[in-house]
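As they're listed, the protein sequences go chains A and B.
Last residue of the first sequence: number 220 in our numbering, and the count goes up by one each step with no gaps.
Last residue of the second sequence: number 220 in our numbering, and the count goes up by one each step with no gaps.
One structure is given below, encoded as structure tokens.
Protein chains: 2
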Amino acid sequence: MEHTISGVGVIDKAIGVLAAVEHEPLALTALVERTGFSRATSHRLASALEFHGLLRRDAEGRFTLGTRLVSLGEAAERAWPIAEAAGPALADLRDATGESAQLYVRDGGRRICVASLESPHGLRTIVAAGAVLPLDQGSGGRALTGDVGPDGYVVSVGEREAGVASVSAPIHSGTTVVAAVSVSGPIERLTRDPGPTFGPSVVIAASDIADAAGLKG
Amino acid sequence: MEHTISGVGVIDKAIGVLAAVEHEPLALTALVERTGFSRATSHRLASALEFHGLLRRDAEGRFTLGTRLVSLGEAAERAWPIAEAAGPALADLRDATGESAQLYVRDGGRRICVASLESPHGLRTIVAAGAVLPLDQGSGGRALTGDVGPDGYVVSVGEREAGVASVSAPIHSGTTVVAAVSVSGPIERLTRDPGPTFGPSVVIAASDIADAAGLKG
DNA sequence: ATCGTGTGTTCCACAGTTCAGAACATATGT
DNA sequence: ACATATGTTCTGAACTGTGGAACACACGAT
């Protein structure tokens, strides 16, 4: 009987080591305790991950997540096909509205910005591709959870960030929400009631993105 | 003779698979070609990585980097000790200047924002922690490369982003630049000559951060 | 519809790697 | 000086990962 959960026991253990140090750096002894692996095994696996840059040692010699994960994480975000497919429609939305436009996908209990175009205005809201945001704040999060008004879009004003308004629409594959497209900007420009002005644009953008990504509606 | 480079051959191979798909999604056959592993091995390793979320399948069944890497990458960025140590000084800088403040470290040929506090102004520049930016654009990048004026700070106006000005100072450990602290905001508020107003503040912040992080000056 | 080829998936005997207790090295506190 | 804790390395045995083969499925040509 194999003792693996994924089919490759060493990968299971290596991920266990990464997960152990995800929230705080750990000295070897703490790593042994947290993972349940023997001291020699913990040391060998952690050293191998360090060799590849997935772990590093902090100033006190504790193991912590390494810089290679930053670049892999960034590459992972670029690899969403919907982000690529959304490019033209996102550019149209940004140009038509003059405001920053973003595309979000859901990742467990959070949302990730997988594509982001900034408004040409000197002052604008900026969400970097790769940013991780909550689902329960902001129109993009509520669009992802399906909490959408009868007109097909969601509005938030000063909800996730003071001074910022946003309007979002969900993107469906069949009946499943797979992404959300948003415009956002300063309340001063979008007003406290941005729905009528921007709602139709984000709904159209959502439809265009679904088409471009080949999603069934 | 072992055929490993890190001490754990399976980890070497698993990283090889991740590296193979870093830049573009690969079908199994392409993965076999790119890695040189046998078909069965490639499939087994990729499936195990997929199980743990480090890979996923795109709509065409190709292997591509998975969402777990996004969250690990984000956690990796939070794990810089200087980011933690910089918290109070960064807050002081933001409060004293009223502008967004960021801390950058160098990662190869790029810079990573490892801590970020936003201005209370309704309109402000925002750099998400985790954002990856170039070294050759913006005052933060030039501070990291040591390209600093005689007053100890760097200024950029409309260089990395139109409408944005920033001022940065390097943070040294001994004679080595290990980080850079920046303030940034709209040119309209920072003016086209933000150095005299903000330069001394970032230089003080850099010194405070170096002290807080226990760096030798 | 049939056939050949290509691609993805699974099996399983065995070759080779990983494991972990022991030993060693170093650090720390008393 | 000593005891203890922590980090690192060694190495024989046990176990896992390997990869050729087989199978399943998709696709293009005829």
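Note that CB positions come from ideal geometry on N, CA and C, so glycine has one too.
Closest to B:I174 by CA distance: which of B:R195, B:A79, B:L193 and B:L93 is it? Within the second sequence, numbered from 1, the residue matching residue 174 of chain B stands at position 171. For B:I174, the nearest C-alpha among the options comes from B:L93.
Taking only runs that begin and end inside the segment 135-210 of chain B, name each unbroken beta strand (DSSP E) of 3 or more residues, in chain order. 135-137, 157-160, 167-176 and 179-189
Would you say A:G220 faces chain B, with C-beta separation under 8 Å as the test? Working through the first sequence from its first residue, we reach residue 220 of chain A at position 217. Caution applies to A:G220, whose pLDDT of 48 falls short of 50 and renders its modelled position unreliable; the value that the coordinates give is listed next. Chain B, which has no Cβ nearer than 8 Å to the Cβ of A:G220, makes this no.
List, in order along the chain, the chain B residues whose C-beta lies closer than 7 Å to that of A:L193? Walking along the first sequence from the start, residue 193 of chain A turns up at place 190. By Cβ distance, chain B contributes nothing, its closest Cβ being about 11 Å from A:L193, past 7 Å.
Sort out for me which residues DSSP pairs B:T67 with in a bridge. The count along the second sequence starts at 1 and reaches residue 67 of chain B at position 64. According to DSSP, which records beta bridges pairwise, B:T67 is partnered with B:R59.
Starting from A:I115, trace the beta strand (DSSP E) both ways and give me its first and last residue. By one-based count along the first sequence, residue 115 of chain A stands at place 112. Per DSSP, A:I115 belongs to the beta strand (DSSP E) from R113 to L120.
Identify whether A:A213 lies in helix, strand or coil by the three-state DSSP scheme. The residue given as residue 213 of chain A occupies position 210 in the first sequence. A:A213: helix per DSSP, three-state reduction.
Same chain, Cβ closer than 6 Å to A:H85, five either side skipped, listed in chain order: In the first sequence, the residue the question calls residue 85 of chain A occupies position 82. Here residue 85 of chain A turns out to be Ile, not His, going by the sequence shown. Same-chain partners within the cutoff: A182 and A216.
Tell me whether the beta-carbon of B:L34 lies closer than 8 Å to the beta-carbon of B:F66. Numbered from 1 along the second sequence, position 31 holds the residue referred to as residue 34 of chain B. Numbered from 1 along the second sequence, position 63 holds the residue referred to as residue 66 of chain B. Yes, these two residues count as a Cβ contact at 8 Å.
If I measure Cβ to Cβ from A:V3 and keep anything under 6 Å in the same chain, skipping five residues before and after, which residues do I get? As shown, chain A starts at 4 and ends at 220. That puts residue 3 of chain A outside it, with no answer to give.
Contact residues within the segment 43-58 of chain B, judged by C-beta distance below 7 Å to chain A: R47, L48, S50, A51, L52, F54 and H55
Per DSSP, what kind of secondary structure is B:V11 in: helix, strand or coil? On the second sequence, position 8 is the one that residue 11 of chain B refers to. Three-state result, B:V11: coil.
Just curious, the alpha helix (DSSP H) that B:T38 is in, first and last residue? The residue given as residue 38 of chain B occupies position 35 in the second sequence. Element bounds for B:T38: L31 to T38.
Simplified DSSP state of B:H49, which is helix, strand or coil: Numbered from 1 along the second sequence, position 46 holds the residue referred to as residue 49 of chain B. Note that residue 49 of chain B is Ala in the sequence shown, not His. The answer is helix: DSSP assigns B:A49 an H, G or I state.
Determine, using beta carbons only, whether A:V135 comes closer than 8 Å to chain B. On the first sequence, residue 135 of chain A is found 132 positions in, with the first residue counted as 1. Yes, because at least one Cβ of chain B sits closer than 8 Å to the Cβ of A:V135.
Using 8 Å as the Cβ pair cut-off and three pairs as the minimum, do the segment 48-61 of chain A and the segment 69-78 of chain A touch? yes
Just the C-alpha distance for A:A23 and B:G198, rounded to the nearest angstrom, thanks. In the first sequence, residue 23 of chain A corresponds to position 20, counting from 1. In the second sequence, residue 198 of chain B corresponds to position 195, counting from 1. Using only the alpha carbons, I get a separation of about 44 Å.
Is A:I212 close to chain B, meaning its C-beta is less than 8 Å from at least one C-beta of that chain? Taking the first residue of the first sequence as position 1, residue 212 of chain A is located at position 209. No, its Cβ sits nowhere closer than 8 Å to a Cβ of chain B.
B:I8: buried (16+ other C-beta within 10 angstroms of its C-beta) or exposed? Counting from one through the second sequence, the residue named residue 8 of chain B turns up at place 5. Exposed, since its Cβ has fewer than 16 Cβ neighbours within 10 Å.
Per-residue DSSP class, three states only, for A:L21: Position 18 of the first sequence, counted from the start, is the residue given in the question as residue 21 of chain A. Three-state DSSP puts A:L21 in a helix.
Who are A:A104's beta bridge partners in DSSP? Position 101 of the first sequence holds residue 104 of chain A. According to DSSP, which records beta bridges pairwise, A:A104 is partnered with A:L120 and A:V186.
Less than 8 Å separating the beta-carbons of A:A146 and A:V157? In the first sequence, counting from the first residue as 1, residue 146 of chain A sits at position 143. In the first sequence, counting from the first residue as 1, residue 157 of chain A sits at position 154. It is a contact, given that the beta carbons lie within the stated cut-off.
Assuming A:G112 contacts B:L75 under a Cβ cut-off of 8 Å, what Cβ separation, rounded to an integer in Å, is found between them? The residue given as residue 112 of chain A occupies position 109 in the first sequence. The residue given as residue 75 of chain B occupies position 72 in the second sequence. At roughly 16 Å, the Cβ-Cβ gap does not stay under 8 Å, so A:G112 and B:L75 are not in contact.
B:P153 touches chain A at which residues, Cβ-Cβ below 8 Å? Translated into the one-based positions of the second sequence, residue 153 of chain B becomes position 150. Going along chain A, no residue has its Cβ under 8 Å from B:P153, so there is no contact; the nearest lies around 30 Å.
Kindly indicate which residue of B:T44, B:S41 and B:E27 has the alpha-carbon position closest to the one of B:E63. For the purposes of this step, residue 63 of chain B is taken as residue 60 along the second sequence, with counting starting at 1. The candidate whose alpha carbon is nearest that of B:E63 is B:E27.
Check whether the Cβ atoms of B:V13 and B:T38 lie closer than 8 Å to each other. Numbered from 1 along the second sequence, position 10 holds the residue referred to as residue 13 of chain B. Numbered from 1 along the second sequence, position 35 holds the residue referred to as residue 38 of chain B. It is not a contact, given that the beta carbons lie outside the stated cut-off.
Should A:P137 be labelled buried (16 or more other beta-carbon atoms within 10 Å of its own) or exposed? Sequence index remark: in the first sequence, residue 137 of chain A carries index 134 (1-based). So A:P137 ends up on the exposed side.
What is the rounded straight-line gap between the Cα of A:V170 and the Cα of A:V186? Taking the first residue of the first sequence as position 1, residue 170 of chain A is located at position 167. Taking the first residue of the first sequence as position 1, residue 186 of chain A is located at position 183. So the alpha carbons of these two residues sit roughly 6 Å apart.
Reduced DSSP secondary structure (H/G/I, E/B, other) of A:R97: Reading the first sequence from its first residue, position 94 is the one you call residue 97 of chain A. Here A:R97 sits in helix by DSSP.
Could you pull out every residue in the same chain whose Cβ sits closer than 8 Å to the Cβ of A:R127, ignoring the five residues on either side in sequence? To locate residue 127 of chain A, count along the first sequence from 1; it is residue 124. Result list for A:R127: E102, S103, E121, G188 and P189, in chain order.
Who are the near neighbours of A:L193 in its chain, counting only those whose CB is closer than 6 Å to its CB and skipping five residues on each side? By 1-based counting over the first sequence, the position of residue 193 of chain A is 190. Excluding positions up to five away in sequence, the list reads A168.
Grab me the residues of A:A88's own chain with a C-beta within less than 8 Å of its C-beta, minus the 5 sequence neighbours each way, in chain order. For this step, residue 88 of chain A is matched to residue 85 along the first sequence. Contacts found: I212, A215, A216 and G217.
At 8 Å on the CB atoms, spell out the chain B contacts of A:E80, in chain order. If you number the first sequence from 1, residue 80 of chain A lands on position 77. Simply V73.
B:R114, buried or exposed, once every other Cβ within 10 Å from all chains shown has been counted against 16: As a first step, residue 114 of chain B must be located in the second sequence, where it is residue number 111. Classification of B:R114: buried, given that the 10 Å Cβ count is 16 or more.
On the DSSP bridge assignment, give the partners of A:R127 in chain order. Indexing the first sequence from 1 puts residue 127 of chain A at position 124. In DSSP, A:R127 forms no bridge with anything.
Measure from the alpha carbon of B:G202 to the alpha carbon of each residue in B:R163, B:S142, B:G149 and B:E162, then state which is nearest. In the second sequence, the residue the question calls residue 202 of chain B occupies position 199. When only C-alpha atoms are compared, the closest one is B:S142.
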